[in-house]
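Here the structure is laid out as structure tokens; the discussion comes afterwards.
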Amino acid sequence: MNEQIKIGNIKNVIKISLYITAGVSLLNIILALNRGIDWVEELQGVGVTFIYAFVITAVNEYYNDFLSSRFSWSEQMQKRLWYGVIGSIVLTVLSFGFARMLVEVAIYGSTFKEFIENENLASYIFALAITIFVSAIAHAFGFYKALQDTNVKKQKIIAGTASAKFDALKNQLDPHFLFNSLNVLTSLIDEDPYQAQKFTTSLSKVYRFVLGQKNKDLVSVDEELQFAKTYVRLLKMRFEDSMIF
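So for the sequence shown, our numbering puts the first residue at 16; every next one is plus one.
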């Protein structure tokens, strides 16, 4: 599972780096149209831009994964947001400086002293602006995804609660009790229509009580006693003298 996550992260880093490289390179080409384009220099610039983008994106990607494992968007949104923003800014400056040193010293052959002397703030501000833009999109997507996940969990809880209530209601309306009562009613209709009418009234009261109380957490003792009396009346009519209360 961890290997799959790492491979997914690398693919995501490469994809984002390519997007950033394409966007920055296109901007450089547009700006260079007036003074003429040196395609060899531009191609070299594309490679350098990709190195910058890859290093900065990789650092931020794995940092955001680390934050997501420590802080939940749904439960610790403020911490996740502030640590994400501040950490991204600090790490972007450090990783951009490391990428510049790598390019200037390892690729262009400058000494470390020359690299330090030629550093300027404008380059870091430009890289920071791009990172903040990309980070804002990533954080917005992360927040939206967490919000959707929370809504899905809420809907599952609601569905589970409704299902539990339905099962409880089915258990309350015992089908065996209903079938037996209907059989008794069928017999009474022929034998004693008056008793059949009383039986039907009592049966309807029992089910009216069950349906009326299904959403209540508490029921008064008086209501429960009235229900018990009605239920007992049904049983006595069904079993006649063989049942005594």
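For glycine and all other residues, C-beta sits at the position ideal for the given N, C-alpha and C.
Computed from a predicted structure; not experimentally measured.
Check: Ordered list of alpha helix (DSSP H) runs contained in the stretch 157-230, each at least 4 residues; Outcome: 190-206, 208-228
Check: Whether F260 touches F242 by CB criterion (8 Å); Outcome: no
Check: Among K128, F130, K251, V108, nearest to A142 - alpha-carbon criterion; Outcome: V108
Check: Contact belief for S110 with V74 at Cβ below 8 Å, rounded distance in angstroms; Outcome: 4 Å
Check: Own chain partners of N17 with C-beta closer than 6 Å, once the 5 adjacent residues on each side are dropped; Outcome: With a pLDDT of only 47 at N17, under 50, the local geometry of the prediction cannot be trusted, and no value is derived from it.
Check: Of the listed residues V118, G60, Y246, V236, nearest to N43 (C-alpha basis); Outcome: G60
Check: C-beta contact flag for S78 and L106 at 8 Å; Outcome: Ser is not the amino acid found at residue 78; the sequence shown has Tyr there. Contact flag set, yes.
Check: Minimum C-alpha distance to M252 - residue among S196, L226, G124, P190; Outcome: S196
Check: Closest residue to S217 among V236, I172, V247, D237 (Cα-Cα distance); Outcome: V247
Check: Assigned exposure category for V167 - 16 Cβ within 10 Å defines buried; Outcome: exposed
Check: Entirely enclosed beta strand (DSSP E) segments - the stretch 62-90, minimum 3 residues; Outcome: none
Check: Neighbourhood of I145 by C-beta distance below 7 Å, restricted to the same chain and skipping five residues each side; Outcome: I35
Check: 8 Å Cβ shell around E129 - same chain, five flanking residues per side excluded; Outcome: E119
Check: Integer Cβ distance of N121 from I71, believed to fall under 8 Å; Outcome: For the record, residue 121 in the displayed sequence is Ala; it is not Asn. Wrong, their Cβ atoms sit about 17 Å apart, outside the cutoff.
Check: Runs of alpha helix (DSSP H) wholly within the stretch 96-146 (minimum 4 residues, chain order); Outcome: 127-133
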